[in-house]
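Worksheet: the structure to be examined is printed underneath.
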Amino acid sequence: MTTHITFSIFQKNSSDRCCRRLHNHVKSSHVSLYIELLRNFAYYFNFTKKYISTMRWLFTFIVCLLLTNHLISQSLVGVQSNYSGSGYMALNPAELVSSNHYFDFTLFSVNIAADNDFMYLHNKDLTPYLFNNIIKRNNYPWQEVSKDDRTFYYDFHNNSKNKNLFEAIDINLFSCMFALNKKTALAFSINNRIYSNVTNIPSEIPMMMTYEFDSTFWNDNFSSNKKIRIANLDWSEIAIAYSRNIYERFLKKIDVGVTGKFLIGYAEAAATIDNVNFMIFNSDSLRINNSDAYLAYSLPFDYSLPFEDYNNEYGSFNKLLNKIKENSGIGFAFDLGFVYTKKADTKISNAKRRCMLPKSNYQWKLGISLTDIGAITFNKNAVEHHFLINDKILSAQNFDSISCFQDLTDTLSKMSYGTTDKSLVSNKVVIGLPTSLNLQFDYRLVKNFYIKLFWIQPFRLFKYSVTKVPKIAISPRYESDLIDFGIPVTLYNYSHANVGFFFRIACLTIGTENVGALCGFGKSHGTELYVSLKFYLTKGHCLGPERDACWSESAFVRNKEKHK
């Protein structure tokens with residue numbers, strides 16, 4: 012939500028208005044400085060003067076998606092059916108062995124997700140929003156909003172609860188699943204992931220940033236009663252999953268699954284701000300009554316290099332890629348899952364071929380899993396600072412000399428301790444993945460019709476961690492070999508609900524979690540878009556010399572002499 016600020020840093024003469032907005036934000040609030048800084052850290056290395064126009068369009072498009080609908084990436088409520096195959100790795104690896112696929116591979120899968128609970132967009136205004144901000148390529152609309160006469164109809168929730176923002180992009184470069192036998196399955200995937208979150212922000216901060224700290228906010232004390240957490244992490248992961256049936260007797264069946272992940276981190280930025288209390292005097296100054304903050308980052312550029320020299324230093328893709336490689340961090344993670352199944356019959360398969368394995372046939376099943384348990388350690392170009400500011404008056408002059416990131420930390424260190432080097436506490440940063448506890452309950456209504464309940468509760472295992480959106484969802488669906496479709500209803504962050512729709516036709520899956528955004532009714536708090544192309548072989552069908560390319564186990568038995 013601060014795209015215009017990023018542009019102004021790298022294109023100094025392109026927009027004086029943008030530069031003034033950055034200057035006003037920096038000089039007006041210690042808290043907002045952290046927010047603005049960290050929301051842009053992970054993107055700075057992507058912005059060069061040569062690609063300003065392209066990046067402006069791209070981020071405007073993402074912002075449009077942000078205000079369209081919402082879902083947390085990698086939970087993929089809309090595609091968690093018995094035909095998910097390797098897609099089960101996202102939520103519960105134990106379900107791999109019970110998939111209706113005995114082999115599949117994903118050609119591509121892209122998921123874009125975001126959610127917030129402080130602002131919303133009226134869906135009836137989506138079309139003019141897209142027209143004004145993509146086709147005309149206008150600036151980000153917050154620059155045009157005023158209190159009395161808004162040019163675009165979005166608004167804030169009028170309550171005093173602390174606010175949260177979640178964003179995620181998941182790109183599956185490759186994944187595949189293979190059933191070794193009726194009791195065992197393996198899966199493999201390569202993913203690129205970007206997660207960002209801001210949690211426990213005081214409710215006044217988003218409005219302050221929108222209205223540029225006008226007189227409405229002057230001479231009032233603002234504080235947070237909870238620790239503010241800000242985090243961004245960009246990484247790739249190579250994952251291998253193993254799923255096995257460990258118990259089966261009569262109508263009872265228990266499956267387990269585990270996924271091991273090797274992680275390569277490209278960039279991270281995180282902060283915690285505790286006991287913050289401040290007062291804004293005017294648009295040029297404020298007083299920090301107290302603020303206890305930690306700031307940690309590992310980014311692919313030289314912190315002492317002036318902003319205007321970034322284009323010369325990292326202007327080409329190869330230079331930027333080499334710097335990212337030098338800066339990369341390493342980590343490990345794992346997922347663990349269990350599934351208890353109440354079967355619909357007591358038949359035991361004696362299939363001699365993988366293609367003869369029976370499809371799932373159950374009354375209900377209950378799953379529980381822990382996902383993304385792990386972290387990435389950055390010790391190259393990594394720094395962690397501690398700033399402790401009490402009863403300090405900040406004005407524009409405090410930040411006039413800032414030309415690079417080193418200047419910024421030096422200035423904050425001098426405000427905190429009187430010297431420029433005392434704030435540094437470590438050259439190693441550990442940041443956790445978006446760990447979560449997941450529950451799934453799937454019930455078969457009638458043939459091919461199911462209803463599934465999800466609960467996803469994130470939690471942190473490390474001082475700095477990215478996180479997912481807490482959510483509860485119920486998803487009725489129809490599924491078959493060629494077609495899946497369903498209507499998930501999801502409660503996000505325990506505060507707002509949306510109705511979505513997804514469908515699969517053979518290998519192609521498309522879904523959204525906000526039908527209202529497409530139909531022009533209701534409100535949107537975020538975005539979700541997932542598209543995947545997956546090729547698969549289904550259990551119960553074997554490829555053979557019969558005229559029919561798909562034939563059954565009985566056909567194999569009738570022709571077994573010929574096949575010898």
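As numbered in the numbering used here, residues 12 to 575 make up the sequence shown, in order. Where is the CB? At the ideal position from N, CA and C, for every residue including glycine.
Can the beta-carbon of residue i be found less than 7 Å from the beta-carbon of residue j?
{"i": "Leu107", "j": "Tyr113", "result": "no"}
{"i": "Ala179", "j": "Ser309", "result": "no"}
{"i": "Leu297", "j": "Ile387", "result": "no"}
{"i": "Lys391", "j": "Asn338", "result": "yes"}
{"i": "Phe532", "j": "Asn134", "result": "yes"}
{"i": "Gly443", "j": "Phe398", "result": "no"}
{"i": "Ile251", "j": "Phe199", "result": "yes"}
{"i": "Tyr131", "j": "Lys534", "result": "yes"}
{"i": "Ala282", "j": "Glu395", "result": "no"}
{"i": "Ile413", "j": "Ile299", "result": "no"}
{"i": "Lys354", "j": "Leu262", "result": "yes"}
{"i": "Phe129", "j": "Phe167", "result": "yes"}
{"i": "Gly378", "j": "Asn111", "result": "no"}
{"i": "Phe512", "j": "Val526", "result": "yes"}
{"i": "Asn286", "j": "Asp303", "result": "yes"}
{"i": "Ser226", "j": "Asp295", "result": "no"}
{"i": "Ile243", "j": "Lys194", "result": "It should be pointed out that residue 243 corresponds to Asn in this sequence rather than to Ile. For Asn243 and Lys194, no; Cβs fall outside 7 Å."}
What's the gap between the Cα of residue i and the Cα of residue j?
{"i": "Val209", "j": "Ile241", "result": "4 Å"}
{"i": "Asp245", "j": "Phe343", "result": "15 Å"}
{"i": "Ser186", "j": "Ile201", "result": "6 Å"}
{"i": "Ile7", "j": "Thr446", "result": "With the chain covering only 12 through 575, there is no way to say anything about residue 7."}
{"i": "Pro469", "j": "Leu448", "result": "6 Å"}
{"i": "Phe233", "j": "Ser434", "result": "25 Å"}
{"i": "Tyr541", "j": "Asp181", "result": "9 Å"}
{"i": "Tyr351", "j": "Glu259", "result": "10 Å"}
{"i": "Gly268", "j": "Met188", "result": "13 Å"}
{"i": "Lys61", "j": "Asp320", "result": "For Lys61, the predicted structure reports a pLDDT of 34, less than 50, and the residue's modelled location is therefore unreliable. A value from the coordinates is still provided. Their Cα atoms are separated by approximately 13 Å."}
{"i": "Phe567", "j": "Lys363", "result": "Residue placement at Phe567 is poorly supported in this model, since its pLDDT is 48, which falls under 50; the coordinates still yield a value, given next. Straight-line Cα distance between these residues: approximately 10 Å."}
{"i": "Tyr325", "j": "Ala280", "result": "19 Å"}
{"i": "Ser360", "j": "Arg204", "result": "39 Å"}
{"i": "Tyr94", "j": "Glu490", "result": "8 Å"}
{"i": "Phe460", "j": "Tyr253", "result": "28 Å"}
{"i": "Thr501", "j": "Asn509", "result": "5 Å"}
{"i": "Ile335", "j": "Asn329", "result": "10 Å"}
{"i": "His536", "j": "Asn173", "result": "15 Å"}
{"i": "Ser120", "j": "Ala190", "result": "21 Å"}
{"i": "Asn211", "j": "Ile284", "result": "10 Å"}
{"i": "Gly340", "j": "Ser476", "result": "15 Å"}
{"i": "Asp266", "j": "Ile494", "result": "26 Å"}
{"i": "Trp375", "j": "Asp126", "result": "31 Å"}
{"i": "Ile516", "j": "Thr538", "result": "23 Å"}
{"i": "Leu450", "j": "Lys458", "result": "24 Å"}
{"i": "Ser214", "j": "Glu248", "result": "35 Å"}
{"i": "Asn409", "j": "Met218", "result": "24 Å"}
{"i": "Glu155", "j": "Thr382", "result": "Bear in mind that a pLDDT of 44 at Glu155, under 50, signals an unreliable position, so the model cannot answer this."}
Identify whether residue i lies in helix, strand or coil by the three-state DSSP scheme.
{"i": "Val542", "result": "strand"}
{"i": "Asn134", "result": "helix"}
{"i": "Ser254", "result": "strand"}
{"i": "Asn203", "result": "strand"}
{"i": "Tyr581", "result": "Look at the range of the chain in this structure, 12 to 575, and you will see that residue 581 is not part of it."}
{"i": "Ile498", "result": "coil"}
{"i": "Lys330", "result": "helix"}
{"i": "Leu405", "result": "strand"}
{"i": "Cys366", "result": "helix"}
{"i": "Lys336", "result": "helix"}
{"i": "Lys425", "result": "helix"}
{"i": "Glu215", "result": "helix"}
{"i": "Thr195", "result": "strand"}
{"i": "Leu456", "result": "strand"}
{"i": "Ser226", "result": "helix"}
{"i": "Ala105", "result": "helix"}
{"i": "Val480", "result": "coil"}
Whole-angstrom Cβ separation of residue i and residue j, contact assumed at under 8 Å?
{"i": "Gly581", "j": "Ser380", "result": "As displayed, the chain neither begins before 12 nor continues past 575, which places residue 581 out of reach and without an answer."}
{"i": "Asn583", "j": "Met290", "result": "Residue 583 is absent from the model: the chain starts at 12 and stops at 575."}
{"i": "Thr520", "j": "Ser543", "result": "5 Å"}
{"i": "Phe496", "j": "Cys518", "result": "That belief does not hold up - the Cβ atoms of Phe496 and Cys518 are roughly 15 Å apart, past 8 Å."}
{"i": "Arg488", "j": "Tyr373", "result": "Contact doesn't hold; Cβ gap of about 15 Å is too wide."}
{"i": "Gly271", "j": "Phe389", "result": "The pair is not a contact, with the Cβ atoms about 21 Å apart (cut-off 8 Å)."}
{"i": "Asn9", "j": "Asn504", "result": "Missing from the structure shown is residue 9; the chain here goes from 12 to 575 and no further."}
{"i": "Asn288", "j": "Asn301", "result": "5 Å"}
Say yes only if the C-beta of residue i is nearer than 6 Å to one or more non-hydrogen atoms of the ligand SAM, and no if none qualify.
{"i": "Ser186", "result": "Judged by which ligands are present, the structure shown has none, so any question about the ligand SAM falls away."}
Segment contact flag, the segment 533 to 552 with the segment 362 to 374, C-beta cutoff 8 Å, min 3 pairs: yes
Sufficient close CB pairs (3 or more, under 8 Å) joining the segment 477 to 491 to the segment 425 to 434: no
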